[in-house]
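Comments concern the structure below.
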Amino acid sequence: TQLLEQSPQFLSIQEGENLTVYCNSSSVFSSLQWYRQEPGEGPVLLVTVVTGGEVKKLKRLTFQFGDARKDSSLHITAAQPGDTGLYLCAGSFMNRDDKIIFGKGTRLHILP
Amino acid sequence: DAGVIQSPRHEVTEMGQEVTLRCKPISGHDYLFWYRQTMMRGLELLIYFNNNVPIDDSGMPEDRFSAKMPNASFSTLKIQPSEPRDSAVYFCASRRAGVPYNEQFFGPGTRLTVL
Numbered sequence: 813t814q815l816l817e818q819s820p821q822f823l824s825i826q827e828g829e830n831l832t833v834y835c836n837s838s839s840v841f842s843s844l845q846w847y848r849q850e851p852g853e854g855p856v857l858l859v860t861v862v863t864g865g866e867v868k869k870l871k872r873l874t875f876q877f878g879d880a881r882k883d884s885s886l887h888i889t890a891a892q893p894g895d896t897g898l899y900l901c902a903g904s905f906m907n908r909d910d911k912i913i914f915g916k917g918t919r920l921h922i923l924p
Numbered sequence: 091d092a093g094v095i096q097s098p099r100h101e102v103t104e105m106g107q108e109v110t111l112r113c114k115p116i117s118g119h120d121y122l123f124w125y126r127q128t129m130m131r132g133l134e135l136l137i138y139f140n141n142n143v144p145i146d147d148s149g150m151p152e153d154r155f156s157a158k159m160p161n162a163s164f165s166t167l168k169i170q171p172s173e174p175r176d177s178a179v180y181f182c183a184s185r186r187a188g189v190p191y192n193e194q195f196f197g198p199g200t201r202l203t204v205l
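Here the protein sequences come in this chain order: A and B.
One gets the working numbering by counting positions in the first sequence from 1 and adding 812 to each.
One gets the working numbering by counting positions in the second sequence from 1 and adding 90 to each.
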């Protein structure tokens with residue numbers, strides 16, 4: 813059973829378009845993180861959200877944590893080829909925040 | 091500052107052979123994590139250590155897998171005997187205790203192919 817479901821699994825769009833990817837669960841998380849992974853490298857942390865309803869922006873990327881702390885979304889405005897990669901969400905549980913659980917990721921390809 | 095260092099970067103071996111993967115965490119980090127990544131199962135936590143002590147090994151798939159952390163700057167993940175289904179990318183990550191919200195720093199991974 814996958815605790816964190818990410819959708820879509822794959823997404824290929826043209827440069828300049830907007831997109832949203834999702835991370836959903838039936839579990840409540842104390843915090844949720846988004847990582848980006850490029851080929852041949854390990855994941856790199858982009859952002860952590862901790863408060864229900866929280867919205868964080870990182871340049872053209874907007875991250876939102878659901879009000880109930882069970883889901884999150886990542887919106888990219890005017891996608892660029894440099895945004896290409898695997899986007900992973902990861903959650904920490906209440907009272908077990910020393911480890912995190914990863915979703916399988918959304919593989920994003922931005923066409924020039 | 092050097093990040094997490096893993097070796098080898100690539101390993102090709104034959105079924106039945108012993109495989110040892112190595113990791114050097116970032117200096118000063120108290121936690122070390124071993125993950126396995128495949129297309130089918132994504133990124134799975136195998137085991138993690140706090141101050142060199144194994145805390146949770148519930149993700150280790152079988153007794154063929156073992157991990158050690160003899161000191162704060164070195165850890166190994168051993169597979170003996172290896173099987174084709176062990177083929178995956180293995181990542182090591184570390185983090186500092188007391189840092190809020192669990193930010194982990196990953197190494198570049200070891201791509202293991204078992205023939």
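Every residue, glycine too, gets a C-beta built ideally from N, C-alpha and C.
In terms of Cβ geometry, Leu870 (chain A) and Leu858 (chain A) form a close pair [threshold 8 angstroms].
For Thr128 (chain B), the closest of B:Val189, B:Tyr191, B:Ser184 and B:Pro174 by C-alpha to C-alpha distance is B:Pro174. For Asn192 (chain B), the CB contacts under 7 angstroms within the same chain, skipping 5 residues up- and downstream, are Arg185 in chain order.
Pro160 (chain B) sits in a strand when the DSSP states are folded into three classes.
Rounded to the nearest angstrom, the gap between the Cα atoms of Thr203 (chain B) and Ser177 (chain B) is 5 angstroms. Around Phe181 (chain B), the beta-carbon contacts reaching into chain A at under 9 angstroms are Gly854 and Pro855. By the rule that beta-carbons nearer than 8 angstroms mark a contact, Phe914 (chain A) touches chain B.
Shown here, Pro171 (chain B) sits in coil according to DSSP, grouped into three states, outside any helix or strand.
Residue nearest to Gly894 (chain A) within the set A:Ile825, A:Glu817 and A:Ser819 is A:Ile825 (criterion: CA-CA distance). Looking from the CA of Gly149 (chain B), the closest CA among B:Ala183, B:Leu135 and B:Lys158 belongs to B:Leu135.
In this structure, the alpha-carbon of Thr896 (chain A) lies about 27 angstroms from that of Glu101 (chain B).
When DSSP states are grouped into helix, strand and coil, Pro855 (chain A) belongs to the coil group.
Secondary structure remark: continuous beta strand (DSSP E) runs of at least 3 residues inside the segment 856-894 of chain A, in chain order: 856-861, 867-870, 873-877 and 883-888. In this structure, DSSP gives Asn140 (chain B) an extended state, which the three-state scheme calls strand. DSSP lists B:Cys113 as the beta-bridge partner residues of Ser165 (chain B).
At the C-beta level, Met130 (chain B) and Ser172 (chain B) stay beyond 8 angstroms of one another.
The three-state secondary structure of Asp176 (chain B), taken from DSSP, is helix. For Asn830 (chain A), the three-state secondary structure derived from DSSP is coil. Leaving aside the five residues that flank Glu829 (chain A) on each side, the residues in its chain whose CB is nearer than 7 angstroms to its CB run, in chain order, Ala891.
Between the segment 897-917 of chain A and the segment 155-174 of chain B there are fewer than three C-beta pairs closer than 8 angstroms, too few to call the two in contact. In this structure Phe822 (chain A) is exposed. Its beta-carbon is surrounded by fewer than 16 other beta-carbon atoms within 10 angstroms.
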